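Read left to right, the sequence shown gives residues 4 to 285 (our numbering).
Quick reminder that beta carbons are idealized off the backbone N, C-alpha and C, glycines included.
It should be emphasised that the depicted structure is a prediction, and the values quoted were computed from it without experimental measurement.
Below: one structure, written as structure tokens.
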Amino acid sequence: MSEAPAAPPAGSADPAFGLLLKTPEPRAGWRLLPTRVVAMCAVELQKLRHDRTELYTRAVQPTLWLLIFGQTFTRFKAIPTEGIPYIDYLAPGIIAQSAMFIAIFYGIQIIWERDAGILNKLLVTPTPRAALITGKAFAAGVKSLIQAVVVIAIAAVLGVALTWNPLRLLGVAAVVVLGSAFFSCLSMTIAGIVLSRDRLMGFGQAITMPLFFASNALYPLSVMPGWLQAVSKVNPLSYQVDALRGLLLGTDAHLATDFAVLVVAAALGITAASALLGRLAR
């Protein structure tokens, strides 16, 4: 009768065998964050491959602003625009406006995902809530970036004197993404408070136009009454427009301040929306 094989000495154990017996160490949340953000952003953008109607229909409004409002007020010359044609002055404001209008109703989508049971499935995965929100926020930024390309193309056809410096255009892309990330997080934060699509649509419609008109998108701060200037100075859209004008037109801008405000606003928006995500899923 053959003898039973002897157990391997403790000191000479196979390293692979030891790995099998050892419980794998879970990855830290911060290590999961970048990959999960990219994955969530990719999932959101996949929807554009199946339905591009939103991109086409949303191009109508900025086109009308530039064609009708911009060219009409260029003839009046009633608004001080630092010596540049009004349509040139208006184009960066319309880029920011169209990006905001895409992002501000992003909370409707997350409410739809809750009603369809998708959100609860996402929340039971190891993905941190901040990664879910950040992925959706930057997906909104990429959608807005596509819209910005459309507006820039229309502005170029209309003769707006835009820069084509690659570094400045990269800065424009960063500004559009950061601004859209904030407004989409604002929308998702409101969704976590009101909990229904109808209420969210009401809130979205109630805040979009005040945000737009209480900014420097249509006119400089110098022509505003004092109280509106105070509102405009705490409105992230004003800093987004200021950065876009400085990058696209070469006007005087406070780029360091503009980027700092947009980064802080996006970070605060992600934090607030992440905190309310669990309430939305109940």
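| Check | Outcome |
| --- | --- |
| Could you tell me if Pro-27 is buried or exposed, where buried requires 16 or more neighbouring beta carbons within 10 angstroms of its beta carbon? | Legend: pLDDT at Pro-27 = 44, less than 50; position of this residue unreliable, no value from coordinates given. |
| Apart from the five residues on each side of it in sequence, which residues of its chain come closer than 6 Å, Cβ to Cβ, to Phe-20? | In this prediction, Phe-20 has a pLDDT of 42, which is less than 50 and means its spatial position is unreliable; nothing more can be read from the coordinates. |
| Please report how far the alpha carbon of Phe-186 lies from the alpha carbon of Val-63, in whole angstroms. | 21 Å |
| According to DSSP, is Asn-123 helix, strand or coil? | helix |
| Expressed to the nearest angstrom, what Euclidean distance is found between the alpha-carbon atoms of Ser-277 and Leu-251? | 33 Å |
| Would you list, in sequence order, the uninterrupted alpha helix (DSSP H) runs of no fewer than 4 residues that lie entirely inside the segment 210-244? | 229-236 |
| Classify Gln-49: buried if its beta carbon has 16 or more other beta carbons within 10 angstroms, exposed otherwise. | exposed |
| Drop a sphere of 10 angstroms on the beta-carbon of Met-103, count the other beta-carbons inside from all chains shown, and report buried for 16 or more, exposed for fewer. | buried |
| If we count the other Cβ atoms within 10 Å of its Cβ and call it buried at 16 or more, is Ala-268 buried or exposed? | buried |
| Counting only the same chain and skipping the five closest in sequence on each side, list residues whose C-beta sits under 8 Å from that of Arg-171. | Leu-250, Leu-251 |
| Please state the DSSP three-state secondary structure of Phe-72. | helix |
| Reducing DSSP to helix, strand and coil, say where Glu-85 ends up. | coil |
| Hey, could you find the ends of the alpha helix (DSSP H) Asp-261 is sitting in? | 258-284 |
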